[in-house]
Amino acid sequence: MAVSVSMILVVIGLAGYLVLSITYRLVWHPLARFPGPKLAAATKWYEFYYEVLHGHGGQFWKVVDRMHDRYGPIVRITPEELHIRDSSQYDTVYTGKRDKSRSVARLGGQKVSTFATEESDLHRKRRAPNMLLFGKRTVDQATPMIRSKIEKLLTELQRARRTGEVVDVNLVFLALTTDIAGCHVLHEELGMQNDLTGKALRWKKGVHQISTNVPLVKQYTWLADAIDLIPSCLWRSMAPDIACLIDLKMTVLKKAKAFLHQQRMISEDGSSIEPTNEKDNTPKALFEYIWTHPSTANERDLARLYDEGQNVMIAGSETSARILTRVIYELLTNTDELSRLHTELAEAEEQYRRCAQDLTWLELERLPWLTGIVKESLRIANIATSRLPVKPHESLRYLGWTIPAMVSLNFESSLNAADRSKTQVSLSPYDVMRDENIFPEPDVFKPERWVTKEHNGTWSTHNRLDKYLVAFGKGARMCQGINLAYAELYMTIASVFSRFNLELFDVVKERDITTVADYFLAEARAESKGVRMKVLSEIS
10 MAVSVSMILV
20 VIGLAGYLVL
30 SITYRLVWHP
40 LARFPGPKLA
50 AATKWYEFYY
60 EVLHGHGGQF
70 WKVVDRMHDR
80 YGPIVRITPE
90 ELHIRDSSQY
100 DTVYTGKRDK
110 SRSVARLGGQ
120 KVSTFATEES
130 DLHRKRRAPN
140 MLLFGKRTVD
150 QATPMIRSKI
160 EKLLTELQRA
170 RRTGEVVDVN
180 LVFLALTTDI
190 AGCHVLHEEL
200 GMQNDLTGKA
210 LRWKKGVHQI
220 STNVPLVKQY
230 TWLADAIDLI
240 PSCLWRSMAP
250 DIACLIDLKM
260 TVLKKAKAFL
270 HQQRMISEDG
280 SSIEPTNEKD
290 NTPKALFEYI
300 WTHPSTANER
310 DLARLYDEGQ
320 NVMIAGSETS
330 ARILTRVIYE
340 LLTNTDELSR
350 LHTELAEAEE
360 QYRRCAQDLT
370 WLELERLPWL
380 TGIVKESLRI
390 ANIATSRLPV
400 KPHESLRYLG
410 WTIPAMVSLN
420 FESSLNAADR
430 SKTQVSLSPY
440 DVMRDENIFP
450 EPDVFKPERW
460 VTKEHNGTWS
470 THNRLDKYLV
480 AFGKGARMCQ
490 GINLAYAELY
500 MTIASVFSRF
510 NLELFDVVKE
520 RDITTVADYF
530 LAEARAESKG
540 VRMKVLSEIS
């Protein structure tokens with residue numbers, strides 16, 4: 010009898026807490042007055058359903074869009090988050106002192122990487138050494154390495170021309186960008202380009218498998234941590250494609266341990282020894298920048314190096330490969346734009362007296378039409394579909410609304426203090442770069458948006474729309490690898506299209522291009538065959 014009474018009391022207590030919690034969120038919560046569906050304001054299970062259970066998952070972004078259609082430009086989409094659909098507010102929300110939502114910060118399974126850092130001041134310190142690694146000067150110094158990897162790509166395309174093979178575009182570009190990231194970040198040859206049908210293909214499948222689980226991991230961030238708890242031998246038997254991700258993590262771990270040993274940080278008895286800091290002008294790997302930078306002097310340990318290394322490696326390959334894949338699709342379906350590119354590259358070769366594949370990234374940046382292609386590809390590819398909630402330290406004002414910086418009262422402060430201490434506010438890059446008020450006909454590939462035709466018939470670039478090109482984010486949280494990404498885009502596009510005539514092979518836009526799900530990055534239909542092409546001939 011005592012057990013039954015106890016159980017009844019527990020059930021009553023839980024039911025009462027649930028009722029009181031929902032009532033608080035709908036009536037007394039600081040965000041209760043903001044428009045939006047009551048179910049979304051009452052519980053996170055509303056988001057969970059559309060992110061995990063509905064269709065193939067990753068559908069909440071569409072629901073948010075419909076919310077705006079009904080309720081207006083500012084909507085309460087979860088109990089603690091407001092979403093704004095107004096491109097003019099992007100800078101306001103994402104610049105300034107902003108903490109990061111834990112649901113996004115822990116997606117990669119790291120705890121002390123820059124991406125995983127929630128608190129803004131600590132993020133600034135951790136970001137500093139990365140900015141040296143990805144600075145314009147450092148990336149320019151990496152030009153010979155980038156060119157050597159692109160040369161391997163061109164060799165593979167030559168082979169495909171001779172054999173008549175169909176080329177998996179995303180595969181060859183993912184191998185390219187992953188090998189570049191390995192050399193630039195770790196000074197490690199990963200060899201993806203040397204084993205396209207083996208190692209690179211498994212890596213591509215592994216990245217895709219991981220991405221399809223992102224909506225679930227956003228709801229339960231501890232799942233990302235679980236990857237490291239499962240032995241690699243089990244991954245190889247259960248999910249051999251994901252084992253490639255484990256292999257990369259182990260490569261980073263071994264490099265980090267070797268670096269620490271080299272710096273004499275770990276002595277035989279395990280005590281710490283203060284390292285020397287030798288300044289030189291030779292290219293450094295990521296670990297060296299972290300080691301020597303004063304802002305991270307108290308974080309010279311294995312966990313910090315390991316987390317940062319794996320985060321930068323994974324983030325630095327997939328996004329650039331996807332954008333390059335979209336470039337192939339758009340230029341091969343827009344012959345006028347491709348013809349103008351051929352003309353501009355030929356003129357550049359004559360001006361610099363070098364073939365286009367030998368031009369540097371900084372030289373290629375001066376070509377207006379190529380620049381228009383790069384920017385328009387970033388815009389229309391729009392691969393970052395996921396909203397990125399941040400927590401401003403100050404209250405914001407928008408259309409007569411005051412968005413409070415703090416939302417927790419004592420009632421809920423203990424539930425999840427990390428995410429409920431401040432209001433979460435977000436915009437979606439997808440909304441900004443598809444805003445038809447800024448980009449008329451947003452679904453049409455138009456490089457001319459970014460250039461101006463002069464009276465003499467030549468093209469010149471302008472920056473009038475640059476504030477709305479948010480593919481890399483804005484503010485302190487923007488993508489750190491932007492310069493490396495631009496170098497890859499400019500040099501790869503110039504090299505490939507100055508050397509080869511290409512043709513798409515069995516590509517259907519609705520199946521292979523159109524975004525249907527948000528797995529943090531844009532995802533096409535499950536039955537997509539990807540973008541494929543044939544190499545018709547070499548350009549003499």
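Under the numbering used here, the first residue of the sequence shown carries the number 10, and numbering increases by one thereafter. Backbone N, C-alpha and C define an ideal beta-carbon position, used for all residues, glycine too.
Practice problem: Indicate whether F454 and E385 have their beta-carbon atoms separated by less than 8 angstroms. | Solution: Reading the sequence shown from its first residue, position 445 is the one you call residue 454. Reading the sequence shown from its first residue, position 376 is the one you call residue 385. In contact: F454 and E385 (Cβ atoms closer than 8 angstroms).
Practice problem: Entirely within the segment 77-138 and at least 4 residues each: give me those alpha helix (DSSP H) ranges in chain order. | Solution: Correct list: 99-103, 111-114.
Self-check item: 8 angstroms contact criterion, which S220 and L530 should meet: CB distance rounded
Solution: Within the sequence shown, numbered from 1, the residue matching residue 220 stands at position 211. Within the sequence shown, numbered from 1, the residue matching residue 530 stands at position 521. Yes, S220 and L530 are in contact; Cβ-Cβ is about 6 angstroms, under 8 angstroms.
Quiz item: Can the beta-carbon of R135 be found less than 8 angstroms from the beta-carbon of T123?
Solution: Position 126 of the sequence shown holds residue 135. Position 114 of the sequence shown holds residue 123. The criterion of a C-beta distance shorter than 8 angstroms is satisfied by R135 and T123.
Quiz item: Would the beta-carbon of G484 fall within 8 angstroms of that of Y103?
Solution: Here residue 484 refers to the residue found at position 475 of the sequence shown. Here residue 103 refers to the residue found at position 94 of the sequence shown. Judged by beta-carbon spacing, Y103 lies within the 8 angstroms limit of G484, meaning their Cβ atoms are closer than that value.
Quiz item: Which residues in the same chain as A151 place their Cβ atom closer than 6 angstroms to its Cβ, once the five residues preceding and following it in sequence are excluded?
Solution: Numbered from 1 along the sequence shown, position 142 holds the residue referred to as residue 151. The beta carbon of A151 is closer than 6 angstroms to those of H193 in its chain, skipping five residues each way along the sequence.
Exercise. Would you mind working out which of W410, E165, R115, D188 sits nearest D177, comparing C-alpha positions?
Key: The sequence position of residue 177 within the sequence shown is 168, counting from 1. Nearest C-alpha to D177: E165.
Quiz item: Of all the options L40, D108, L376, L262, which has the alpha carbon lying nearest to the alpha carbon of R486?
Solution: Residue 486 sits at position 477 when you count from the first residue of the sequence shown. Closest option to R486, Cα to Cα, is D108.
Self-check item: DSSP three-state assignment for T523, whether helix, strand or coil
Solution: As a working mapping, residue 523 is identified with position 514 in the sequence shown. Of the three classes helix, strand and coil, the one that applies to T523 here is coil, per DSSP.
Quiz item: Roughly how many whole angstroms lie between the Cα atoms of L405 and D367?
Solution: If you number the sequence shown from 1, residue 405 lands on position 396. If you number the sequence shown from 1, residue 367 lands on position 358. Each residue's Cα considered, the two are about 49 angstroms apart.
Practice problem: May I ask which residues mark the beginning and end of the beta strand (DSSP E) holding L513? | Solution: Start at 1 with the first residue of the sequence shown, and residue 513 comes out as number 504. Unbroken beta strand (DSSP E) run through L513: 509-513.
Self-check item: Per-residue DSSP class, three states only, for I392
Solution: Counting from 1 along the sequence shown, the entry for residue 392 is found at position 383. Of the three classes helix, strand and coil, the one that applies to I392 here is coil, per DSSP.
Quiz prompt | Exposed unless 16 or more other CB atoms sit within 10 angstroms - verdict on P449 | solution = In the sequence shown, residue 449 corresponds to position 440, counting from 1. Burial call: exposed.
Quiz item: With a cut-off of 8 angstroms, do at least 3 Cβ pairs link the segment 206-216 to the segment 158-172?
Solution: Short answer: they don't touch.
Quiz item: So L91 packs on I412, CB below 8 angstroms; how close in whole Å?
Solution: Along the sequence shown, one-based indexing puts residue 91 at 82. Along the sequence shown, one-based indexing puts residue 412 at 403. In this structure, L91 and I412 form a Cβ contact; the two beta carbons are roughly 6 angstroms apart against a cut-off of 8 angstroms.
Quiz item: Do you know offhand how far W37's Cα is from V321's?
Solution: Locating residue 37 in the sequence shown gives position 28, where the first residue counts as 1. Locating residue 321 in the sequence shown gives position 312, where the first residue counts as 1. Cα to Cα, the separation comes out at about 42 angstroms.
Exercise. Note the first and the last residue of the continuous alpha helix (DSSP H) segment covering I447.
Key: Start at 1 with the first residue of the sequence shown, and residue 447 comes out as number 438. It is not in any alpha helix (DSSP H) - I447 carries neither H nor E in the DSSP assignment.
Self-check item: First through last residue of the beta strand (DSSP E) which encompasses K462
Solution: If you number the sequence shown from 1, residue 462 lands on position 453. First-last of the beta strand (DSSP E) with K462: 460-462.
Self-check item: Whole alpha helix (DSSP H) elements within the segment 229-278, 4-residue minimum
Solution: The DSSP assignment places 231-235, 241-247, 249-271 as complete runs of the alpha helix (DSSP H) inside the segment 229-278, in order along the chain (cut-off: 4 residues).
Quiz item: To the nearest angstrom, how far is it from the Cα of E463 to the Cα of H471?
Solution: Stepping through the sequence shown from its first residue, residue 463 is reached at position 454. Stepping through the sequence shown from its first residue, residue 471 is reached at position 462. One Cα belongs to E463, the other to H471, and the distance between them is close to 12 angstroms.
Self-check item: Beta carbon of V8 nearer than 8 angstroms to that of P377
Solution: For residue 8 there is no data in the structure shown, the boundaries of the chain being 10 and 549.
Quiz item: Can you give the beta carbon distance from A496 to I155, rounded, assuming they're within the 8 angstroms contact cut?
Solution: Here residue 496 is taken as the residue at index 487 of the sequence shown, counted from 1. Here residue 155 is taken as the residue at index 146 of the sequence shown, counted from 1. That pair is a contact at about 6 angstroms.
Quiz item: Which ranges would you report for the alpha helix (DSSP H) in the segment 314-400 if only whole runs of at least 4 residues count?
Solution: With a minimum length of 4 residues, the continuous alpha helix (DSSP H) runs that stay inside the segment 314-400 are 344-361, 370-373, 377-390.
Quiz item: Are F514 and R473 closer than 8 angstroms when you measure CB to CB?
Solution: The residue you call residue 514 lines up with position 505 of the sequence shown. The residue you call residue 473 lines up with position 464 of the sequence shown. Cβ distance not < 8 angstroms, so F514 and R473 don't count as in contact.
Exercise. Take the Cβ of A50 as the centre, count every other Cβ of all protein chains shown within 10 Å, and call the residue buried at 16 or more, exposed below.
Key: Taking the first residue of the sequence shown as 1, we reach residue 50 at position 41. A residue is called buried when at least 16 other Cβ atoms come within 10 angstroms of its Cβ; A50 meets this threshold and is buried.
Quiz item: Tell me which same chain residues have a C-beta within less than 6 angstroms of the C-beta of Q202, skipping the five on either side of it?
Solution: Along the sequence shown, one-based indexing puts residue 202 at 193. Sequence-distant partners of Q202 (beyond 5 residues in either direction) whose C-beta falls short of 6 angstroms from its own C-beta, in its chain, are K161, A184, D188.
Exercise. Select from M500, G325, G67 the residue whose C-alpha is nearest the C-alpha of S157.
Key: Looking up residue 157 in the sequence shown gives position 148. Closest option to S157, Cα to Cα, is M500.
Quiz item: Taking the alpha carbon of E536 as the point to measure from, which residue in E547, E519, T328, V544 has its own alpha carbon closest?
Solution: Here the question's residue 536 lines up with position 527 in the sequence shown. Each of E547, E519, T328, V544 was checked against the Cα of E536, and the nearest Cα belongs to E519.
Quiz item: Of all the alpha helix (DSSP H) runs that stay within the bounds of the segment 12-76, which reach a length of 4 or more residues?
Solution: You should have 47-51, 54-57.
Quiz item: Per DSSP, what kind of secondary structure is N465 in: helix, strand or coil?
Solution: In the sequence shown, the residue the question calls residue 465 occupies position 456. N465 carries a coil assignment under DSSP once its states are collapsed to helix, strand and coil.
Quiz item: Among all the DSSP beta bridges, which residues are the ones paired with M542?
Solution: For the purposes of this step, residue 542 is taken as residue 533 along the sequence shown, with counting starting at 1. Under DSSP, the beta-bridge partners assigned to M542 are V176, L513.
Exercise. Assign L29 to buried or exposed, taking buried as 16 or more other Cβ atoms, counted over all protein chains shown, within 10 Å of its Cβ.
Key: Sequence index remark: in the sequence shown, residue 29 carries index 20 (1-based). Exposed, by the Cβ-count rule.
Quiz prompt | C-alpha gap between R388 and P46, whole angstroms | solution = Mapped onto the sequence shown, residue 388 falls at position 379. Mapped onto the sequence shown, residue 46 falls at position 37. So the two alpha carbons sit approximately 31 angstroms from each other.
Self-check item: As assigned by DSSP and simplified to three states, the class of L530
Solution: Here residue 530 is taken as the residue at index 521 of the sequence shown, counted from 1. It is a strand residue.
Quiz item: Counting along the chain, where does the alpha helix (DSSP H) carrying Y298 start and finish?
Solution: Start at 1 with the first residue of the sequence shown, and residue 298 comes out as number 289. Note, Y298: alpha helix (DSSP H), 295-301.
Quiz prompt | I548 - DSSP class collapsed to helix/strand/coil | solution = One-based indexing of the sequence shown puts residue 548 at position 539. If DSSP states are grouped into helix, strand and coil, I548 belongs with coil.
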